[in-house]
Amino acid sequence: MSNKTEILDAAAIEDKIQRLAWELYDRHHNATDLHVVGIKENGFWLAEQLVERLRKISDITITLHPLVLDKAVPVLEDMVIDLPVGGEFALVDDVLNSGRTLLWAVIKLMSYRPRVLSTTVLVDRSHKRYPVKADLKGLSLSTTLLDSVRLNIVDGEAVNVQLV
């Protein structure tokens with residue numbers, strides 16, 4: 008039987024998302040257009056939440072884009088996304104584990120020659136094996152390499168973040 012420890016409940020997740028939205032606005036406040044790219048599944052859900060809040064607090068034109076990739080075997084040619092060249096981008100994922108997924112996504116976005124590119128995660132596990140970091144993070148969490156962190160979403164609502 009595996010132990011599951013709740014790291015964040017629904018209310019704490021909501022607070023983190025609201026703070027991250029303000030931090031994203033602060034980082035991109037000079038932008039006229041911002042392209043928020045969410046890594047499919049939970050990363051895209053988080054990006055949707057951030058975009059909803061950003062639209063309430065800023066007059067920046069914000070476009071939401073899903074980035075579809077196989078997290079187990081990411082291949083640049085298989086990543087599906089439609090972005091303008093030279094835009095301002097905010098890349099979003101739920102949990103930063105080793106950094107591999109975020110790094111592949113950054114490499115893909117760099118092919119669009121962004122004017123500005125930021126990275127945002129809800130939870131940063133601090134076990135990076137690759138040279139990538141989150142500019143904005145809701146929570147930094149020290150875990151063992153055997154632990155797994157999961158954002159649980161039910162019916163479009165965040166339930167909790169668990170350490171499994």
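According to my numbering, the residues represented by the sequence shown are 8 to 171, in order. Glycine is no exception: its CB is placed at the ideal position from the N, C-alpha and C atoms. For clarity, every value in this text was computed on a predicted model and none was experimentally measured.
First and last residue of the uninterrupted beta strand (DSSP E) at Leu-116: That residue, Leu-116, is in no beta strand (DSSP E); its alpha helix (DSSP H) goes 107 to 117.
N- and C-terminal bounds of the beta strand (DSSP E) containing Leu-146: 143 to 147
Short CB-CB distance (under 8 Å) between Val-99 and chain C: Note that chain C does not occur in the displayed structure, where there is just one protein chain.
Buried versus exposed, by CB contacts within 10 Å (16 or more), Ala-18: exposed
Burial state of His-35 (16 or more Cβ within 10 Å): buried
Coil, strand or helix - Glu-95 by DSSP: strand
Beta-bridge pairing of Val-166 - partner residues as DSSP gives them: None; Val-166 has no bridge partner.
Residues of its chain near Asp-131, where Cβ-Cβ distance is below 6 Å and the 5 sequence neighbours each way are ignored: Leu-103, Ala-141, Lys-144 and Ser-147
First and last residue of the uninterrupted beta strand (DSSP E) at Val-58: Where Val-58 is concerned, there is no enclosing beta strand (DSSP E), although the alpha helix (DSSP H) it sits in stretches over 49 to 64.
DSSP-derived helix/strand/coil call for Ile-14: strand
Three-state class that DSSP yields for Arg-157 in the structure shown: strand
Residue nearest to Arg-122 in terms of C-alpha spacing, selected from His-134, Ser-105 and Glu-95: Glu-95
Euclidean distance between Cα positions of Asn-167 and Trp-52: 14 Å
Three or more C-beta pairs below 8 Å linking the stretch 65 to 84 and the stretch 148 to 162: no
Straight-line Cα distance separating Leu-170 from Leu-74: 25 Å
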